[in-house]
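Trainee: First the structure, then my questions, so here it is.
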Amino acid sequence: MLYPILVWLHVVAAAIAVGANVTYGVWLARVRTHPGALPFTLATVKFIDDRIANPAYVFVAITGVVLVWLGPLSFTTPWVLASIVLFLAVAAIGFLMYTPTLKAQVALAEARRQDTAEFAALSRTGRILGPLIGVLVVAILFLMVVQPPLWG
-16 MLYPILVWLH VVAAAIAVGA NVTYGVWLAR VRTHPGALPF TLATVKFIDD RIANPAYVFV
44 AITGVVLVWL GPLSFTTPWV LASIVLFLAV AAIGFLMYTP TLKAQVALAE ARRQDTAEFA
104 ALSRTGRILG PLIGVLVVAI LFLMVVQPPL WG
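In structure tokens:
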């Protein structure tokens, strides 16, 4: 009974993490028509990222490892290994690049410096990193659901 419950928790956490991430595009698109709300919007996206999405991703990682330990799969199962590599890439890009970019955007927006070249450069970086992370996460979801043989 433990294994199916862990699978369910793993899927729920993934849904929370991905669902939270999907809202960022909506928040950022909507703020274009309300530029005065930019500091609040960016701070809200950062709050959702720090307090909802990222903790959910950590829980996904923990439950994923436990599921492999308890279940019939191995860390060397091709789709599992590919998912782990992609997950580590997402984590690295997220924590080392996206989060600092967003933090800097929030600071500049709160200082009312969103019309600077620095803010524009950060925005460009965010517009690249966000979709890149999204594509990698969708690839992980594909691997988790389809479980393709890949090699071997």
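For the sequence shown, our numbering gives the first residue as -16, with consecutive numbering after it.
Note that beta-carbon positions come from the ideal geometry of N, C-alpha and C, so glycine has one too.
Just so we're clear, the structure is a prediction, and the values are computed from it rather than from any experiment.
Please state whether DSSP places R34 in a helix, a strand or coil.
Mentor: Three-state DSSP puts R34 in a helix.
Trainee: Measure from the alpha carbon of L64 to the alpha carbon of each residue in H(-7), A(-4), Q130, then state which is nearest.
Mentor: Among H(-7), A(-4), Q130, the Cα nearest to that of L64 is on Q130.
Trainee: Check each candidate in A20, R15, P132 and name the one with the smallest Cα separation from R95.
Mentor: The candidate whose alpha carbon is nearest that of R95 is A20.
Trainee: Going by DSSP in three states, P114 sits in which element: helix, strand or coil?
Mentor: In the structure shown, P114 sits in a helix (DSSP, three-state: H, G or I).
Trainee: If we require 4 or more residues per run, which alpha helix (DSSP H) segments fall completely within the region 74 to 118?
Mentor: Entirely contained in the region 74 to 118, the alpha helix (DSSP H) runs reaching 4 residues are, in chain order, 82 to 93.
Trainee: Quick check: what's the CA-CA separation for I(-12) versus L91?
Mentor: Spanning the two alpha carbons is a distance of roughly 44 Å.
Trainee: Label G77 either buried or exposed according to how many other C-beta atoms from any shown protein chain fall within 10 Å of its C-beta, with 16 as the threshold for buried.
Mentor: By the 10 Å Cβ count, G77 comes out buried.
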